[in-house]
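Number of protein chains: 2
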Amino acid sequence: MLIHSKATEPTGAAHDRVYRALRLRILHGEIHPGQHLTLRGIGKDFGVSMTPAREAVRRLVAEGALSLSSSGRVFTPELSNERIEELAALRALLEPELASRALPRAHLTLIERLEEINGRVRQMIARHDASGYIRLNLEFHRTLYLRSQAPAMLAITETVWLQLGPTMSKLYGQLRRTEPPRNHKLILAALKAGDEPGLRLAVRSDATQGLRMLKV
Amino acid sequence: MLIHSKATEPTGAAHDRVYRALRLRILHGEIHPGQHLTLRGIGKDFGVSMTPAREAVRRLVAEGALSLSSSGRVFTPELSNERIEELAALRALLEPELASRALPRAHLTLIERLEEINGRVRQMIARHDASGYIRLNLEFHRTLYLRSQAPAMLAITETVWLQLGPTMSKLYGQLRRTEPPRNHKLILAALKAGDEPGLRLAVRSDATQGLRMLKV
DNA sequence: CATGGCTCTTTGTGATCACGAAACGACGCG
DNA sequence: CGCGTCGTTTCGTGATCACAAAGAGCCATG
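So the sequence lines, in the order shown, correspond to chains L and R.
Residue numbers for the first sequence follow the working numbering, beginning at 245 and rising by one.
Residue numbers for the second sequence follow the working numbering, beginning at 245 and rising by one.
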């Protein structure tokens, strides 16, 4: 089997393609906590052999997005209460800092883009699309934090999101009521006003509020 | 080649053994920034094939300890000024929080152990052992932070150390003067006094002071 | 009906190989 | 003497295979 391989994807190595696809599925909460994955199954899904699948999985394990049992079986971790609180504390520590660094660089075009994303967040809430809600909520935050010009800090923050991914889907899947993104409005207001303490507070609240409901 | 394999190491998979060994070498600054590594070379060093070497390298790349060029060549990254400042800011953000969480649990036996480690840090400074200094300095911090019962936060902090590893070795290799660990004494004093703001300040200073000298 | 052992299947691990691309070196031309 | 060009070597990538261990299912026995 030496032919085929890409066929549709002109860029990037196979293991990287598998990694990115799996990462998005985990980040968007499309894989349930405790669900098992097999290297041969992943390889078959993406039309590659075990080798690239193994590398992608290893990378995700290193980032905390996946766990492996003593025998090497791979699965999405089920987070304990302490772990959830700790990851929420990390978000509360990192994200206000990122937002604060983005504030002096947040011009009107950025704010308008954030408002547009926020509108789509509202749509997802209205149609009870949990996965779409998570995806657009993260896009809202990432769009803001990208302005902070702190790639290492943003990368670490994203690994925290990644670890929370499967658990968050459980939360928003259970979430029945259509709660409007109040904290997002506060974030936008603080951005417009150049209110740094208010921005930090709003971001911190937004990062921690939802996770409080996750406690078993 | 189906025989041999372990022979000396009864526990753990081969890729994990390679990963841990490489990780320590990077963390202790025994690999210079910009130095190239080859999978076949790593495999030969550890008596394994390319497969476990590749997995170990991939994992370290995921943690930011190694970089790979567009063609897949692996090397320790040379950090830019902005990157160093950002990683220092991350240390300044994370480590005071870890120390603060450890404070209520820091009993006398822990403080005595920290003082013993600190004494060995002084020895390393006296004998101009850069690698040993880095190793014991990290052990000082990790011993304290382990008490905070925040494994995810500690793990992220260690990846920050890992990214700084090769660059730190350059710093301490150039460091001629025998500077005593003043901040470590401040940390120990604050721990004994139960002085939480003082502890945060001392830890923050210790995390950022050395890195200021690294700016090119 | 529960439980223990047995076999067959599934799965991860590591070694090896073919392939293409990048790096390296030397030679020759200007 | 400098520089480009071509052949050689080195390297990463992905596929495939043998192997061991863990799982799952099943039957027999208490």
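All C-beta atoms in this analysis are idealised placements derived from N, C-alpha and C, irrespective of residue type, glycine included.
This structure is a prediction, so every number in the text was calculated from the model and none was measured.
- Taking a Cβ-Cβ threshold of 8 Å, none of the residues of chain L is close to E440/R; the smallest such distance is about 16 Å.
- Looking from the CA of S375/L, the closest CA among I275/L, R261/L, G256/L, A257/L belongs to I275/L.
- Under the DSSP definition of a beta bridge, V318/R partners with L281/R, L312/R.
- Residue-level contact by beta carbon holds for I400/L and chain R, with a gap shorter than 8 Å.
- The residue among W405/L, Y416/L, E440/L, R444/L with its C-alpha nearest the C-alpha of A309/L is W405/L.
- Take the alpha-carbon of A434/R and the one of G442/R: they are about 6 Å apart.
- Taken atom to atom, the span from the alpha-carbon of Y263/R to that of A300/R is near 4 Å.
- Closest in C-alpha terms to G273/L, from the list K414/L, N362/L, S392/L, comes K414/L.
- Proximity of chain R to L331/L at the Cβ level (cut-off 7 Å) is accounted for by A396, in chain order.
- With the criterion set as a beta carbon lying under 8 Å from some beta carbon of chain R, the members of the region 334-361 of chain L are L334, L337, L338, E341, in sequence order.
- In terms of Cβ geometry, L331/L and Q407/L form a close pair [threshold 8 Å].
- With a beta-carbon spacing of about 13 Å, L342/L and E440/L fall beyond the 8 Å limit used to define contacts.
- The three-state reading of DSSP puts H372/R in coil, since its state is none of H, G, I, E or B.
- One Cα belongs to R298/L, the other to A258/R, and the distance between them is close to 15 Å.
- R444/R has a beta carbon lying at 8 Å or more from every beta carbon in chain L.
- A257/R carries a coil assignment under DSSP once its states are collapsed to helix, strand and coil.
- I431/L: member of the alpha helix (DSSP H) spanning 426-437, first to last residue.
- Collapsing the DSSP output to three states places E440/R in a helix.
- Short of 6 Å from the beta carbon of G287/L, and not among the five residues preceding or following it, lie these beta carbons of its own chain, in chain order: S293, M294, A297.
- Closer than 8 Å to the CB of E307/R there is at least one CB belonging to chain L.
- A Cβ-Cβ contact shorter than 8 Å links A306/R with E307/L.
- Beyond the five residues adjoining it in sequence on each side, P410/L comes within less than 7 Å, by CB distance, of I270, G273, I275, H276, P277, T320 in the same chain, given in chain order.
- Here the C-alpha atom of R335/R lies approximately 35 Å from the C-alpha atom of S315/L.
- With a cutoff of 8 Å on beta-carbon distance, A396/L and R456/R are scored as not near each other.
- Across the set R349/L, L281/L, I361/L, the C-alpha of I361/L shows the shortest separation from the C-alpha of L382/L.
- Judged by their CB atoms, L266/L and L304/L are nearer to each other than the 8 Å cut-off.
- Within the same chain, Cβ atoms closer than 8 Å to the Cβ of V365/R are found at Y377, L380, N381, F384, P425, H428, the five residues on either side in sequence being excluded.
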